[in-house]
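*Asks:* The C-terminal position of the sequence shown is numbered 137 in full-length UniProt numbering, with every residue numbered one higher than the one before it. If you scroll down you'll find the structure; I have some questions about it.
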Amino acid sequence: MVDQQRSKIMSSIKAVSKLESLVTQELWKKGFRFRRNVRGMVGTPDIAIKKYKVVIFIDSCFWHFCPIHGRMPKSNIDFWKKKLERNQERDKEHTQFYLQKGWHILRIWEHEIRQDFDKTIEIIATFIEDAKSVEAI
Numbered sequence: 001m002v003d004q005q006r007s008k009i010m011s012s013i014k015a016v017s018k019l020e021s022l023v024t025q026e027l028w029k030k031g032f033r034f035r036r037n038v039r040g041m042v043g044t045p046d047i048a049i050k051k052y053k054v055v056i057f058i059d060s061c062f063w064h065f066c067p068i069h070g071r072m073p074k075s076n077i078d079f080w081k082k083k084l085e086r087n088q089e090r091d092k093e094h095t096q097f098y099l100q101k102g103w104h105i106l107r108i109w110e111h112e113i114r115q116d117f118d119k120t121i122e123i124i125a126t127f128i129e130d131a132k133s134v135e136a137i
């Protein structure tokens with residue numbers, strides 16, 4: 001791949017994915033109220049409900065190097081290896097941060113949404129409801 005092609009592809013990647021938008025739209029329809037991509041929070045969670053101490057991350061199989069679907073690019077291997085390993089380390093750091101602060105954290109893989117959208121929405125909805133009931137005590 002030519003550097004110009006790669007640059008064009010990389011610049012087309014948006015902060016909010018289509019899958020993320022589909023998930024948040026469905027959750028909104030179900031009555032959940034939340035903030036998206038909260039920049040002031042550690043790790044910029046994809047979904048955050050501060051009132052109930054809930055953070056949800058929707059992890060891309062590529063960027064977060066999914067053990068099932070993560071693929072190492074064929075060019076510039078050293079760069080990508082460091083980049084993707086650091087992304088995984090950062091994910092673990094963010095998860096630990098929220099757990100230590102007593103937050104409810106859920107990480108969803110992109111492939112889970114693609115494989116069974118309705119089931120994934122139900123998992124997220126149940127997770128939020130469970131967190132609400134814990135925080136209400």
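Cβ coordinates follow ideal geometry from the N, Cα and C atoms, glycine included.
Using only the alpha-carbon positions, how far apart do Met72 and Asp78 sit?
*Replies:* 10 Å
*Asks:* Following the continuous alpha helix (DSSP H) through Arg114, name the residue where it begins and the one where it ends.
*Replies:* Glu110 to Gln115
*Asks:* Just verifying my parser: in three-state terms, what is the DSSP assignment at Ile56?
*Replies:* Annotated three-state conformation of Ile56 is strand, per DSSP.
*Asks:* Taking the DSSP output, what are the residues bridged to His104?
*Replies:* The partner list for His104 (beta bridge, DSSP) reads Val54.
*Asks:* Tell me where the beta strand (DSSP E) around Ile49 begins and ends.
*Replies:* Ile47 to Ile49
*Asks:* Going by Cα to Cα distance, which pick from Leu99, Phe62, Trp109 and Phe65 is closest to Val55?
*Replies:* Leu99
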